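Here is the structure we will look at, set down as structure tokens.
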Amino acid sequence: MTQPAAEQSDIQCQSCGGQCAFDPAQQDLLCQSCGSLWPLATENDHEAATEFPFNPDAPMEEYPGLQGDQIHQCETCGGEVIFTGPALSENCPYCNGPVVLRIEDKAYATMALVPFRITRDHASEHITNWISRRFAAPDNLANTAETGRIASIYAPFWTFDSREAIEYWASYTTGSGDKRRRHHVSGTMDVFFDDLLVPASEHVTPLIRDGVLHDFRPDYLRPYRAGYLAGFAAERHTMPVQKGLRLNKQDKDLLIRNKIKKHVGRHNARVDRYRTDTTGIHYRRILLPVWILHYTYDGHAKKVVVSGIDGRTYGERPFSKWKLAGYSAVLTAITIAFGWIWGATGIL
Ligand SMILES: [Zn+2]
Ligand SMILES: [Zn+2]
17 MTQPAAEQSD IQCQSCGGQC AFDPAQQDLL CQSCGSLWPL ATENDHEAAT EFPFNPDAPM
77 EEYPGLQGDQ IHQCETCGGE VIFTGPALSE NCPYCNGPVV LRIEDKAYAT MALVPFRITR
137 DHASEHITNW ISRRFAAPDN LANTAETGRI ASIYAPFWTF DSREAIEYWA SYTTGSGDKR
197 RRHHVSGTMD VFFDDLLVPA SEHVTPLIRD GVLHDFRPDY LRPYRAGYLA GFAAERHTMP
257 VQKGLRLNKQ DKDLLIRNKI KKHVGRHNAR VDRYRTDTTG IHYRRILLPV WILHYTYDGH
317 AKKVVVSGID GRTYGERPFS KWKLAGYSAV LTAITIAFGW IWGATGIL
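Each position in the sequence shown, counted from 1, maps to that position plus 16 in the working numbering.
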């Protein structure tokens, strides 16, 4: 699967020649000059949810399909992004660092993406609400955050499906003291994993991952088209599937251990070991939309992440030392008050 770098004609207005940007509210291309709307939907949109088989015993030679893309590389975190269409602030969406222009020589084709559904204004509202609900936040936090920069990024992910034929050995204890006994059990079970999401970039931090992980819906996927990226930053896929499978294996290990404990049906079950025969691996290379607010508080860089799919908001924030001290003083007072009552009832 190969695809050309974003062509100017893909995002050029067919009526006035102006430059278009993807509009999350309308899900269409919007001309920045004359306001014309151009649909991006095609009759093949349903194909975007297609998953591709992968046989680890006979890994296909996968060649990076994209060449000659102009990318921006961050001088601070090393993140590499492309900017499509209307001029964007040329700062790294991941860390807000300065970027330099480079030519990308190695990237894999993106199969599908979930277009932004949340507009910049909505993202900003979600951030304001999120900040206003923070416990013991400094009074000037809202104003400080307002001076920050909200960046967009289509972040690269894999989805993985697999069937696991698991054989396990586990143990659990019953009784206590002298009657404490350890019991050993073994068993087999089949597990099907569907659409496990794995970040395909080290710049997709747990904060970003958690922000978009919860609301992945395959029916929101659209075939990759440059128009969806117009006006947004995107990171290309640069890692081979094998790398994704290794990361996926680490995630699955935790899930499999939890499933075994459930299968054993004892609250103190311990998984001694297991082996699994993995078959039916299917994957996709996709992009998921994220808004990231970068702000600085007291000299510390902080981020608030808003899912571009449903507005779910996660973030980093400072605490007010004074408010925390105040709350703790109140708690101490309550404790002392309880102490007095306790003491008083004790005397009575
Ligand atoms: Zn136009
Ligand atoms: Zn960066």
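The beta-carbon is built from N, C-alpha and C at its ideal position, and this holds for glycine as well.
No experiment lies behind these values; they were computed from the predicted model shown.
Beta-carbon proximity of residue i to residue j, cut-off 8 Å
i    : j    : result
D206 : E183 : no
I308 : V321 : yes
A153 : L340 : no
Y236 : I325 : yes
L46  : R241 : no
W54  : C32  : no
G113 : E251 : no
A64  : P239 : yes
T144 : I27  : no
T292 : I276 : no
R333 : L223 : no
R136 : I87  : no
V115 : C90  : yes
Y188 : R286 : yes
F132 : F248 : yes
A161 : Y311 : yes
G227 : Y330 : yes
Q30  : P102 : no
A125 : T254 : no
G260 : A317 : no
R197 : G203 : no
R328 : H219 : no
Check: residue i C-beta below 7 Å from any heavy atom of ligand 2
i    : result
C108 : yes
T221 : no
G113 : yes
G95  : yes
T92  : yes
Coarse secondary structure for residue i, derived from DSSP in three states
i    : result
V220 : coil
A125 : coil
P69  : strand
T329 : strand
T312 : strand
V346 : helix
A246 : strand
A21  : Residue placement at A21 is poorly supported in this model, since its pLDDT is 45, which falls under 50; the coordinates still yield a value, given next. The answer is coil: DSSP assigns A21 none of H, G, I, E or B.
R238 : strand
V322 : strand
S336 : coil
H230 : coil
I297 : strand
L364 : Here L364 scores only 39 on pLDDT, less than 50, and its place in the model should not be relied on; the value that follows carries that caveat. L364: coil per DSSP, three-state reduction.
A64  : helix
A317 : strand
P27  : Correcting the residue type first, residue 27 is Ile in the shown sequence and not Pro. The answer is helix: DSSP assigns I27 an H, G or I state.
A353 : helix
A341 : helix
A139 : helix
Q35  : strand
Ligand 1 heavy atom lying under 7 Å from the CB of residue i
i    : result
G247 : no
S25  : no
G34  : yes
S148 : no
S52  : yes
E49  : Contrary to the premise, residue 49 reads as Ser rather than Glu in this sequence. Yes, ligand 1 has a heavy atom inside 7 Å of this Cβ.
S31  : yes
Query raised in the report: Going along the chain, which unbroken runs of the beta strand (DSSP E) with 3 or more residues stay wholly within the region 85-118?
Result: 85-90 and 96-99
**Report entry** 3 or more residues per run - each beta strand (DSSP E) lying fully within the region 141-216
**Finding:** 165-190 and 197-215
Query raised in the report: Three or more beta-carbon pairs under 8 Å between the region 104-123 and the region 158-177, yes or no?
Result: yes
Query raised in the report: Does the region 254-269 come close enough to the region 201-217 that 3 or more CB-CB pairs lie under 8 Å?
Result: yes
Report task. Any chance you could list the beta strand (DSSP E) runs of at least 3 consecutive residues sitting entirely within the region 252-295, in chain order? Result -> none
**Report entry** the region 288-301 in contact with the region 62-72 per 3-pair CB rule at 8 Å
**Finding:** yes
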